[in-house]
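Novice: Protein chains in written order, with the working numbering: chain A, 121 to 313; chain B, 4 to 464. Built from N, CA and C at the ideal position, the CB exists for glycine as well.
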Amino acid sequence: MRILEGKNKVVFDGTRGGSFQIERNASLVYVIDLNKGERNILIEINLKGEFAQARVLGVFNGSGSDKFHLNIVIHHDALDTRSETLVKGVLKDSAQCIFSGLVEIEKSASGTIASLTERTLLLSDAAKAESLPFLEIKNNDVSVNHAVTVSTLDKEQLWYLQSRGLDTHSAQQLITEGFLEEVRSRMPKKIEN
Amino acid sequence: MDTQTLTNEISSRKKKIMLKPEKGISSSLVEQISDYKSEPEWMRNYRLKSFEVFKEKKMPAWGPDLSGVNFDDIYYYSQSSIGEADSWEEVPKQIKDTYVKLGIPEAEQKYLAGVKAQWDSEVVYGSVLKTLKKKGVVFMSMDEGLEKYPDLVRRFIGSVVPPEDNKFAALNSAVWSGGSFLYVPKGVKVDMPLQAYFRINARRMGQFERTLIVADEGSFVHYLEGCTSPIYTSNSLHAGVVEIIVKKGARVRYTTVQNWSKNVYNLVTKRAKVEEEGIVEWVDFNGGSKVTMKYPSVYLVGKKARGDVLSLSMAGAGQYQDTGGKVLHLASETSSRIISKSISYKGGRTSYRGLVRVAKNAKDCKVKVNCDALILDKKSRSDTYPVMSILGKGAFVEHEASVSKIEEEKLFYLESRGLGKSDSEMMIVNGFIEPITREIPFEYAIELNRLVKLEMEGSMG
């Protein structure tokens, strides 16, 4: 387990997962970018000090028989802590992604603001998205949201791009890139491993 | 019916009691129940088989703690619903007070408390039944249904909720008694909500009631069970099963208003199978009981079928409401919506537990899930456990949830308009639950709002 202290913001590249304890005023940004193979990632974040913050930004792009399993547990255990999880991904062929998230808010964690969001685009019949975004909340002074969407390509967007002369494949690619860009654009450039 | 014949009727019914009620369950008790009801051989075997399943099945390993359920300390069958209080004096004061506050007449209070059967209303309901009969609608107790329509019952019972489904469904299949049997013929639309006590001679809701609703092609019916007043019972387990079959183009709405007294484990399996272009709507309010585990389910098996689950739960001191909904999209172009609202207060705990599955061959399905929770104080707790498994091509699935307390800004706004704090809070709570209460028949909705207010008294601020 890594313990983060002080006012510094620390950024991790999360292809390996890990567990973190965030002390007072410290903040963590965890970046996930998955695009091949079978990956099983477990991230545990414990917001232990006042004003501790964590942000998990993830993208996945699966094709063939890729299989991703993302397991994110965020534990709020101090006053005025913040967490944000935003994961977006695209699945082609028979790729699969299981997303299990858990946001736990203890009695001690008054003033918590937390959000958990996952959005998946399914681009084929055999692609499979499974989502288990759980919340356990033992304090009423909180504001917690979660949202999950699973959808397919927007036919109107496709049609528009094709009417501008793009073929189906490039149109599809452009839309998926745009879809993932929302997360990618927020990822910090400098990453510590 | 005059008083004399009424008394005679009641005493003749009392004489019929032959089965000596005993606590605990065994295969010989299951046989006795079947014998006593003079059931056909297949039902007797069905019960016995289900009892075997019950013995093998384990208690659910998830969700609320059920260690307080003692299967040996429960009456499984008695002609005169033994779980009910024998006299008005036995009914706890807390429950009596609630009746008074809800403004329920004394005769009705006694009925609700299980002391007295509601004979007086028979005449009124009799005329309702006559109209139904003309349309060919069959509406009777499940026991009577088995006697008069054995083929229909045999065909459908267990077809949506088999005994193997879970431990409590198995238990119900072994010892069921009471519940409703409702058949709506092709194209018939029943234009008023049917309530369990419309049935002549309906006894109070049993502990192990079994309800079967079959809506034939193009028909419509709204079935309503329960009431806002707390239902008192000394028996601590309620394990009901409800099965609904919605044929092509039919629509069934099933409304439950659950307010069991706070010693009851309410473990209910409710499921509907919906064929092509059919619609099922579950409207589910859970306010009572100690522990409730209930997830009304919808199996969308025909093209363009639709299912809605609207659920509202309230948990106060010592209560755990584990509720939600399940929808399985097994055919193309099916759609569903789950709206769940919960309020926890005075140390109560609510959970949303939901499942949405879109199968591989189900194309262009639409799903929308909204679950919102209000936590009114520091002692209370709220959890959200949704599971989504999406495979179908062209699926569009949305799930949103939020958990919060009553927002300060909203309170401030209302108070600045001259409302007192508790009125402001109540107004916000009423606004929060409005998407569900507006789906409940008017007279119930009013009572429900009153009940919410009563329960919340002193829990805010």
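Smallest Cα separation from Asn266(B): which of Ser343(B), Ile247(B), Gly321(B) and Glu428(B)?
Specialist: Here the closest residue by C-alpha is Gly321(B).
Novice: Specify, as a first and last residue, the run of the beta strand (DSSP E) that Trp279(A) falls within.
Specialist: Note, Trp279(A): premise wrong, no beta strand (DSSP E); alpha helix (DSSP H) at Lys275 to Ser283.
Novice: Would you mind telling me which residues of chain B sit closer than 9 Å to Ile295(A), beta carbon to beta carbon, in chain order?
Specialist: Those within 9 Å of Ile295(A) in chain B number zero; the least Cβ separation is about 15 Å.
Novice: Counting only Cβ pairs nearer than 8 Å, list the residues of chain A close to Lys58(B).
Specialist: Neighbours of Lys58(B) on chain A: none; closest Cβ ~32 Å, over 8 Å.
Novice: Go to Arg309(B), then tell me how far its beta strand (DSSP E) extends in each direction, as first and last residue.
Specialist: Taken as a continuous stretch (DSSP letters only), the beta strand (DSSP E) holding Arg309(B) covers Arg309 to Ala318.
Novice: How about the stretch 327-339 of chain B and the stretch 349-366 of chain B: do they share at least three Cβ pairs that are nearer than 8 Å?
Specialist: A contact exists between the stretch 327-339 of chain B and the stretch 349-366 of chain B.
Novice: Shorter than 9 Å from the beta carbon of Arg340(B) to some beta carbon of chain A?
Specialist: No, no contact with chain A.
Novice: Got a sec? Which residues, its chain only, sit under 7 Å from Asp75(B) by beta carbon, not counting five neighbours each side?
Specialist: Within the same chain, Asp75(B) has close Cβ partners Lys26 and Gly27.
Novice: With 16 as the cutoff for other CB atoms within 10 Å, does Leu270(B) come out buried or exposed?
Specialist: Buried, by the Cβ-count rule.
Novice: Give the range of the alpha helix (DSSP H) segment to which Thr440(B) is assigned.
Specialist: Run containing Thr440(B): Lys424 to Thr440, per the alpha helix (DSSP H) assignment.
Novice: My output table needs one value for Glu384(B): the three-state DSSP class, helix, strand or coil.
Specialist: What sits at residue 384(B) in the sequence shown is Arg, not Glu. It is a strand residue.
Novice: Ordered along the chain, which non-local residues of its own chain (more than five positions away) have a Cβ less than 7 Å from that of Leu37(B)?
Specialist: In the sequence as presented, Leu is not what sits at residue 37(B); that position holds Ser. So the qualifying residues of the chain are Met46, Arg47 and Arg50.
Novice: Can the beta-carbon of Ser407(B) be found closer than 9 Å to that of Val262(A)?
Specialist: Against a cut-off of 9 Å, the Cβ pair of Val262(A) and Ser407(B) comes out as a contact.
Novice: Does the beta carbon of Asp245(A) come closer than 9 Å to any beta carbon on chain B?
Specialist: It does: the Cβ of Asp245(A) has a partner Cβ on chain B nearer than 9 Å.
Novice: Which residues in chain B sit within 7 Å of Asn259(A), going by Cβ to Cβ distance?
Specialist: Those within 7 Å of Asn259(A) in chain B are Lys381.
Novice: From what residue to what residue does the beta strand (DSSP E) around Gly327(B) run?
Specialist: Unbroken beta strand (DSSP E) run through Gly327(B): Tyr323 to His332.
Novice: 9 Å is my cut-off, CB to CB: does Phe180(A) come that close to chain B?
Specialist: For Phe180(A), the answer is no, since every Cβ of chain B falls outside 9 Å of its Cβ.
Novice: Can you tell me whether Phe223(B) is helix, strand or coil according to DSSP?
Specialist: In this structure, Phe223(B) counts as strand in the three-state DSSP scheme.
Novice: Looking only at its own chain, which residues have a Cβ that is under 8 Å from the Cβ of Gly298(A), when we skip the five neighbours before and after it?
Specialist: Cβ within range, chain order: n/a, list empty.
Novice: Out of Ser343(B), Ser425(B) and Val224(B), which has the shortest C-alpha to C-alpha gap to Gly139(B)?
Specialist: Comparing Cα-Cα distances from Gly139(B) to each of Ser343(B), Ser425(B) and Val224(B), the minimum goes to Val224(B).
Novice: Report the three-state DSSP secondary structure of Glu279(B) (helix, strand or coil).
Specialist: DSSP places Glu279(B) in coil when its eight states are reduced to three.
Novice: Can you pull out the residues from the stretch 263-276 of chain A whose beta carbon lies closer than 7 Å to at least one beta carbon of chain B?
Specialist: Flagged, chain order: Ser263, Val264, Asn265, His266, Ala267, Val268, Thr269, Val270, Ser271 and Thr272.
Novice: Take Glu228(B) as the anchor and find which of Val255(B), Gln198(B), Ala242(B) and Lys250(B) has the nearest alpha-carbon.
Specialist: The shortest Cα separation from Glu228(B) among Val255(B), Gln198(B), Ala242(B) and Lys250(B) belongs to Gln198(B).
Novice: Under 8 Å Cβ-Cβ, which residues of chain B neighbour Glu204(A)?
Specialist: Those do not exist, as Glu204(A) stays about 15 Å from chain B at its closest Cβ, beyond 8 Å.
Novice: Residues of chain B with a CB under 7 Å from the CB of Phe254(A): which are they?
Specialist: Under the 7 Å cutoff, chain B gives Thr387 and Tyr388.
Novice: What does Leu242(A) reach in chain B if we use C-beta pairs closer than 9 Å?
Specialist: Chain B residues near Leu242(A): Ile393, Leu394, Gly395, Lys396, Gly397 and Ala398.
Novice: So is Ser162(B) buried or exposed if we call it buried at 16+ other beta carbons inside 10 Å?
Specialist: Exposed, since its Cβ has fewer than 16 Cβ neighbours within 10 Å.
Novice: Mind listing which residues of the stretch 144-168 of chain B have their C-beta closer than 7 Å to chain A's C-betas, in chain order?
Specialist: Within the stretch 144-168 of chain B, no residue qualifies.
Novice: Determine the chain B residues that contact Lys158(A) at a beta-carbon separation under 9 Å, and present them in chain order.
Specialist: The amino acid at residue 158(A) is misidentified as Lys; the sequence shows Glu. In chain order: nothing, as chain B lies at least about 19 Å away.
Novice: Are the stretch 443-459 of chain B and the stretch 408-422 of chain B touching, with three or more C-beta to C-beta distances below 8 Å?
Specialist: Segments in contact, no.
Novice: Between the Cα of Ser271(A) and those of Met307(A), Ser235(A) and Gly209(A), spot the shortest distance and give me the residue it belongs to.
Specialist: Here the closest residue by C-alpha is Gly209(A).
Novice: Contact check, Leu315(B) vs Ile436(B) under 8 Å by CB: the rounded distance?
Specialist: At roughly 6 Å, the Cβ-Cβ gap stays under 8 Å, so Leu315(B) and Ile436(B) are in contact.
Novice: State the Cα-Cα distance for the pair Val172(B) and Asp213(A), rounded to the nearest angstrom.
Specialist: According to the sequence provided, residue 172(B) is Ala. The question's Val does not apply to it. Rounded to whole angstroms, Ala172(B) to Asp213(A) spans 39 Å at the Cα level.
Novice: Which of the three DSSP states, helix, strand or coil, is assigned to Gln292(A)?
Specialist: In this structure, Gln292(A) counts as helix in the three-state DSSP scheme.
Novice: Among Glu460(B), Asp380(B), Thr326(B) and Gly328(B), whose alpha-carbon lies nearest the alpha-carbon of Ser347(B)?
Specialist: Selected option, being the one with the closest Cα: Asp380(B).
Novice: Near Ile161(A), which residues of its chain fall below 6 Å by C-beta distance, leaving aside the five closest residues on each side in sequence?
Specialist: Only Gly137 and Leu190 meet the Cβ criterion.
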